[in-house]
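Letter by letter, the sequence shown follows residues -22 to -1, 1 to 253 in mature numbering (1 follows the signal peptide of the UniProt record, and there is no 0).
For glycine and all other residues, C-beta sits at the position ideal for the given N, C-alpha and C.
Small disclaimer: the values here were computed from a predicted structure and weren't measured.
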Amino acid sequence: MSLLQTLAITNTILFLFHCVPSGLPAGQYCDLISDCAKKFNVDSNGMADISPHDGHEPFVAFTTKSKNVARSTAAAHLDEYVPPSLSDSKTTVIFIKAELPDGQDLFIRGGLDHARRQGCDLMDARLSGCSLPIRHLAVGNDTYFQKFNTWSKGDNYLDWYGTELHQGEYNHQRPYGTPAVLTTNRTDEPNYSPYNTFGHGYWMVAVEMDCARTQNGYFEIKAMVNGAWETDVSSPTCSGNGGGAWPYHTNNHWARCGYRNVFQYGSGTCSITTL
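See the structure below:
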């Protein structure tokens, strides 16, 4: 079994310490998060010379299997990248009610628990069995949606790992995960969405999702704002005709593929209904 080493390094720590004990054999290793765009060396004492590929996502991940691995062809030639196919595609809508200050944005991460499914140890959305293939639905083309449309480009998975390799960047700001767009139910507002029948302040993710990759139709989500995780929640069940018995316990929100899922930020209150 390969040894997984995952290090989170803040910019301050990185400035003070760039050599950390890894417990790995000497050699050159490939950073899995950057798909081998970043490599680092481990000396004979097991000390690794570490720095993240992207300061916005200050993480590195590697295994003993990533020793002396070359960067993949897909990563080396970005224009050759092909989004994943969806074997059981269903329209899935997620709303999170959150009143945020102007200038803040909400993202979600999610999928399935690493402890509940095999094949999730590489921390790469394209390879992880815990990530869910998605395709964003068109929500609007005017300037209001410019930021969202940029961030949603290349966002092909709902996953736990942050910015995807081919995901869009807006004004040098990389997304923290799958972007949500602030919507309203008022038809005279630029951010109106027909999926929103509730009111103002609902952040929406509307996608085609591969339900075959879920856990009996269900999956987990958790919001992120300014790079900070939403607090843990507890939801014994959700109201609506789509709620039911969860596959397992989690401190995240349970959502259902092919349904409209409505949550309150930081709360276990939820509703799951047919679209």
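Span of the beta strand (DSSP E) around residue i
{"i": "Asn239", "result": "238 to 242"}
{"i": "Gln6", "result": "5 to 8"}
{"i": "Thr234", "result": "It should be pointed out that residue 234 corresponds to Arg in this sequence rather than to Thr. Its beta strand (DSSP E) spans residues 231 to 234."}
Counted within 10 angstroms of its Cβ, other Cβ atoms place residue i as buried (16 or more) or exposed
{"i": "Tyr243", "result": "buried"}
{"i": "Trp138", "result": "buried"}
{"i": "Tyr180", "result": "buried"}
{"i": "Phe89", "result": "Reading off the sequence shown, one finds Gly at residue 89, where the question assumed Phe. So Gly89 counts as buried."}
{"i": "Leu105", "result": "exposed"}
{"i": "His231", "result": "buried"}
{"i": "Arg234", "result": "buried"}
{"i": "Leu253", "result": "exposed"}
{"i": "Gly5", "result": "exposed"}
{"i": "Asn19", "result": "exposed"}
{"i": "Gly205", "result": "exposed"}
{"i": "Thr228", "result": "buried"}
{"i": "Ala26", "result": "buried"}
{"i": "Gly220", "result": "buried"}
{"i": "Glu167", "result": "exposed"}
Cβ-Cβ distance between residue i and residue j below 8 Å
{"i": "Ser130", "j": "His144", "result": "no"}
{"i": "Tyr237", "j": "Thr251", "result": "yes"}
{"i": "Phe197", "j": "Val240", "result": "no"}
{"i": "Gly146", "j": "Gly132", "result": "yes"}
{"i": "Asn174", "j": "Tyr122", "result": "no"}
{"i": "Pro157", "j": "Asp83", "result": "yes"}
{"i": "Phe73", "j": "Met182", "result": "yes"}
{"i": "Pro153", "j": "Tyr135", "result": "no"}
{"i": "Ser67", "j": "Val117", "result": "no"}
{"i": "Val71", "j": "Ile28", "result": "no"}
{"i": "Ala184", "j": "Glu142", "result": "no"}
{"i": "Arg95", "j": "Lys200", "result": "no"}
{"i": "Asp91", "j": "Tyr7", "result": "no"}
{"i": "Thr162", "j": "His178", "result": "yes"}
{"i": "Ser249", "j": "Gly222", "result": "no"}
DSSP bridge partner residues for residue i (one or two, in chain order)
{"i": "Tyr180", "result": "Lys75, Thr161"}
{"i": "Val203", "result": "Leu84, Ala206"}
{"i": "Ile250", "result": "Asn239"}
{"i": "Arg191", "result": "BP columns for Arg191 are empty, so no partner."}
{"i": "Glu198", "result": "Gly89, Trp232"}
{"i": "Tyr154", "result": "In DSSP, Tyr154 forms no bridge with anything."}
{"i": "Pro(-2)", "result": "Met25"}
{"i": "Thr69", "result": "Glu186"}
{"i": "Tyr148", "result": "Gln151"}
{"i": "Leu136", "result": "Leu110"}
Any chain C beta carbon closer than 8 Å to residue i
{"i": "Pro(-2)", "result": "No chain C is part of this structure, which consists of one protein chain only."}
Near the ligand MG: residue i beta-carbon under 7 Å from a heavy atom
{"i": "Leu84", "result": "As for the ligand MG, it is missing from this structure, which has no ligand bound."}
Would you list, in sequence order, the uninterrupted beta strand (DSSP E) runs of no fewer than 3 residues that lie entirely inside the region 80 to 134? 84 to 89, 110 to 114
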